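Visitor:
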Amino acid sequence: MSDFESIAAAIPATLPLDEHNKKLVSNVHPPDWVNPEPSGRYNMVVIGGGTAGLVTAAGAAGLGAKVALIERHLLGGDCLNVGCVPSKALIRCARAYADVRDAGEYGVHVPDGFKLDFGAVMERMRKLRAGISPHDSAERFRSLGIDIFIGDGKFTSPNTIEVAGKTLKFAKACIATGARAAALPIPGLAESGALTNETVFSLTELPKRLAVIGAGPIGVELTQSFARFGSKVTLFESGDQILLREDKDAALIVQKAIERDGVEIKCCSAAKGVRMEGDERVIEYDTGGGKMDLRVDQILVGVGRSPNVDNLGLEAAGVEFDKRTGVKVNDNLRTTSKHIYAAGDVCSAFKFTHTADAMARIVITNALFFGSKKTSTLTIPWATYSDPEIAHVGLYEHEAAQRGVEIDTFKVELSTVDRAILEGDDEGFLKVHVRKGSDEILGATMVSRHAGETISELGLAITAKIGLGTIANTIHPYPTEAEVIKKAADNYNRTRLTPFVKSLFNKILAWRR
Ligand SMILES: Cc1cc2nc3c(=O)[nH]c(=O)nc-3n(C[C@H](O)[C@H](O)[C@H](O)COP(=O)(O)OP(=O)(O)OC[C@H]3O[C@@H](n4cnc5c(N)ncnc54)[C@H](O)[C@@H]3O)c2cc1C
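Below, the structure written as structure tokens:
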């Protein structure tokens, strides 16, 4: 077996072993990598080389700290290798397909028989991912002065970590080991070779029939993409709507959109068992009113994430954890062992790359410079990159109600925004929640083709305490999708026109005629 083949045997995400994946591996898990000799006591040892770990290591080293970074699989972690990067590459191709499919609506007549080349879609993804990988490469981080160790990191005491037979001593450590696809205890599912985010991006052939279990962001994004590629996709969700965490009105719009792409959605349906019949996977599921079978070629499971806390020696380090919620941290990201910190998916309810990045920055300040930055002060936006996208920041309506915070909500339909109409993307809306009787923005949800981009204006407004009144005074270029925010702000301004002010204006204008 070549070095590449033995890496691929241990890390299926690196399959197929073509030139692109070899380039990826050469960057993020170099086959000929020789771990350095540990040098004395480190200011900071980081376990896990995903976003949280890389940002912590680079930031600490940039400030002059002596840093070691340990990664057992692929530097770049989930985001680069089996998460954001490959999924967004596929989503782009799915959108290109949908644009051609729907081109007739724009007067562009595409001859019948156009087709999608799944092999080319996947190769494009592998090429782009490999192209991005130098940014997270072992060589780049070594050039920043960081000691990179490839292997399993494990605490052996509150002040030592072992990796590949070497002992690293540290003053401070950061646990950034991320999360993995949560397992579903359904009889026969594991034996059926069900796909997860760790294996789905290695497919080279399009499954004709695909069952996706779990309608969270990962399940929904991949469901829509595979449906557009041409798979017959059935999406199972045990709850009564897709994207359970989202505003119901917003989730319903996405639900209708993916149904138009040909997806069959089975809400309130739970898979009970899986059996193999020849090459077919047969899912037995509960409809609420009885049991049914569904025959598919592949199953993809996306039912949430489990934090990577096993075999880390956390007990030896005095770090408390929970197998479901991860490493226990306080608001400053300190674990129960005061000189050990954690960041990213391993300890966060907000499992996003940008949150892992923000948490890493907090760890650097708090661990190395007596800082007391708090995660509770972060304003965290997020988006699901379906078509249309859903983006959110701050409080949801139901959260405001739970906390007893009174709000006013300004809702603007995309069908009133010229640019959205002209683009043919007028299905969607923006809801902005403000503290009752004021213009203080507490939260916003948006559904639109570019919601993930547009929401940032409201994230900035919340962070900088800019109210809707100021947004109403901000000129937005015409015609843009972002004008929807200006319209919500104008609606707020109109509420300030009380009957008294209105009658005063009328009197002034009559007098000036
Ligand atoms: C399909 C998919 C799509 C996604 N899309 C988005 C998106 O569009 N936007 C977004 O913001 N987020 C997205 N995410 C989430 C995002 O990928 C994660 O939030 C982010 O990667 C978390 O970074 P992290 O550093 O905490 O963990 P990870 O990226 O998981 O990195 C942890 C690293 O630690 C290593 N490790 C674990 N244990 C050990 C050990 N004992 N020794 C050494 N190394 C160890 C792992 O191998 C891994 O490389 C997506 C996730 C998935 C699965």
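Take the sequence shown: its position 404, counted from the start at 1, is 404 in the numbering used here, and no numbers get skipped. Beta carbons: idealized from backbone N, C-alpha and C, even for Gly. All figures in this text were calculated on a predicted structure; none of them were measured in a lab.
#1: Where do the N-terminal and C-terminal ends of the alpha helix (DSSP H) with E483 fall, by residue?
#2: Rounded to a whole number of angstroms, what is the C-alpha to C-alpha distance between I150 and G48?
#3: Going by the C-beta, is D152 closer than 6 Å to any heavy atom of ligand 1?
#4: Is it the case that the CB of I340 approaches a heavy atom of ligand 1 more closely than 6 Å?
#5: So what's P111 in DSSP terms, helix, strand or just coil?
#6: Candidates D425, A358, I283 and F410: which alpha carbon is nearest A472's?
#7: Need the endpoints of the alpha helix (DSSP H) that T223 sits in, please.
#8: Under 6 Å from any heavy atom of ligand 1, does the C-beta of T353 make it?
#9: Any heavy atom of ligand 1 closer than 6 Å to the Cβ of T51?
#10: Considering only C-alpha positions, which residue in the set V254, V301 and M122 is nearest to S192?
#11: Given the structure, does E71 come close to ligand 1, in the sense that its CB is under 6 Å from one of the ligand's heavy atoms?
#12: Return the chain-ordered list of same chain residues with a C-beta closer than 6 Å to the C-beta of D357, the five sequence neighbours on each side being excluded.
#13: Within its chain, find whatever has a CB closer than 6 Å to the CB of A164; leave out the 5 residues flanking it on each side and keep chain order.
#14: Are the beta-carbon atoms of L442 and Q298 separated by less than 7 Å?
#15: Our contact map puts S306 next to A182 with C-beta atoms below 8 Å; I'd like the distance itself, whole angstroms only.
#16: Report all residues from its chain with a CB closer than 8 Å to the CB of F352; omit the five preceding and five following residues, and keep chain order.
#17: Can you name the start and end residues of the beta strand (DSSP E) that Y97 belongs to?
#18: What three-state label does DSSP hand N43 in the structure shown?
#19: Return the Cβ separation of G459 and V393 in integer angstroms, given the expectation that the two are a contact with Cβ distance under 8 Å.
#20: Using DSSP's beta-bridge definition, name the partner residues of G443.
#21: When the distance is taken between beta carbons, is R209 closer than 7 Å to V296?
#22: Give a yes or no on whether the C-beta atoms belonging to I70 and S225 are separated by under 7 Å.
#23: Pairs of beta-carbons, one from the region 170-184 and one from the region 242-260, closer than 8 Å: are there three or more?
#24: How many Å lie between T474 and A464 at the Cα?
#25: Bridge partners for K154 per DSSP, in chain order?
#26: Would you mind listing the alpha helix (DSSP H) stretches within the region 308-379 that are 4+ residues and don't spill past its ends, in chain order?
#27: Assign P388 to one of two classes, buried (16 or more other C-beta atoms within 10 Å of its C-beta) or exposed (fewer than that).
#28: Does the beta carbon of S337 fall short of 6 Å from some heavy atom of ligand 1?
#29: Determine, using beta-carbon pairs with one atom in the region 477-484 and one in the region 410-429, whether at least three such pairs fall under 8 Å.
#30: Is the beta carbon of A211 sitting closer than 7 Å to the one on E237?
#31: Under a Cβ-count criterion, where at least 16 other Cβ atoms within 10 Å of its own Cβ denotes burial, should R129 be classed as buried or exposed?
#32: Out of curiosity, what's the CA-to-CA distance linking A65 and T325?
#33: Under 7 Å, do E320 and T336 count as touching if we go by C-beta distance?
Guide: Reading off the structure:
#1: Run containing E483: E483 to T495, per the alpha helix (DSSP H) assignment.
#2: Approximately 10 Å between the Cα atoms of the pair.
#3: Yes, since a heavy atom of ligand 1 falls inside the 6 Å radius drawn around the Cβ of D152.
#4: No, the Cβ of I340 stays beyond 6 Å of every heavy atom of ligand 1.
#5: Note: P111 maps to coil in three-state DSSP.
#6: The closest CA to that of A472, considering only D425, A358, I283 and F410, is found on F410.
#7: For T223, the enclosing alpha helix (DSSP H) begins and ends at P217 to F229.
#8: At least one heavy atom of ligand 1 is nearer than 6 Å to the Cβ of T353, so yes.
#9: Yes, Cβ of T51 sits closer than 6 Å to a heavy atom of ligand 1.
#10: That would be V301, whose Cα lies nearest to the Cα of S192.
#11: Answer for E71: yes, Cβ within range of ligand 1.
#12: Within the same chain, D357 has close Cβ partners T51 and V55.
#13: So the list reads N35 and G151, once near-sequence residues are dropped.
#14: Going by C-beta atoms, L442 is not nearer than 7 Å to Q298.
#15: Rounded, the Cβ-Cβ distance is 4 Å, consistent with contact.
#16: Only I380 and W382 meet the Cβ criterion.
#17: Element bounds for Y97: not the beta strand (DSSP E) but the alpha helix (DSSP H), C84 to R101.
#18: In the structure shown, N43 falls within a strand segment according to DSSP collapsed to helix, strand and coil.
#19: Between V393 and G459 the Cβ distance is about 5 Å, and since that is below 8 Å, they are a contact.
#20: Under DSSP, G443 forms a beta bridge with G394 and H433.
#21: Yes.
#22: Taking 7 Å as the Cβ cut-off, I70 and S225 do not qualify as a contacting pair.
#23: With a cut-off of 8 Å on Cβ pairs, the region 170-184 is not in contact with the region 242-260, counting fewer than three such pairs.
#24: In a straight line, the C-alpha of T474 is about 15 Å away from that of A464.
#25: Paired residues: E162.
#26: If we require 4 residues or more, the alpha helix (DSSP H) runs fully inside the region 308-379 come out as 314-317 and 353-368.
#27: By the 16-neighbour rule on beta-carbons within 10 angstroms, P388 is buried.
#28: It does not: the Cβ of S337 is nowhere closer than 6 Å to a heavy atom of ligand 1.
#29: Short answer: they touch.
#30: The Cβ atoms of A211 and E237 do not sit closer than 7 Å to each other.
#31: Classification of R129: buried, given that the 10 Å Cβ count is 16 or more.
#32: C-alpha separation (whole angstroms): 30 Å.
#33: Between E320 and T336, the gap from beta carbon to beta carbon is short of 7 Å.
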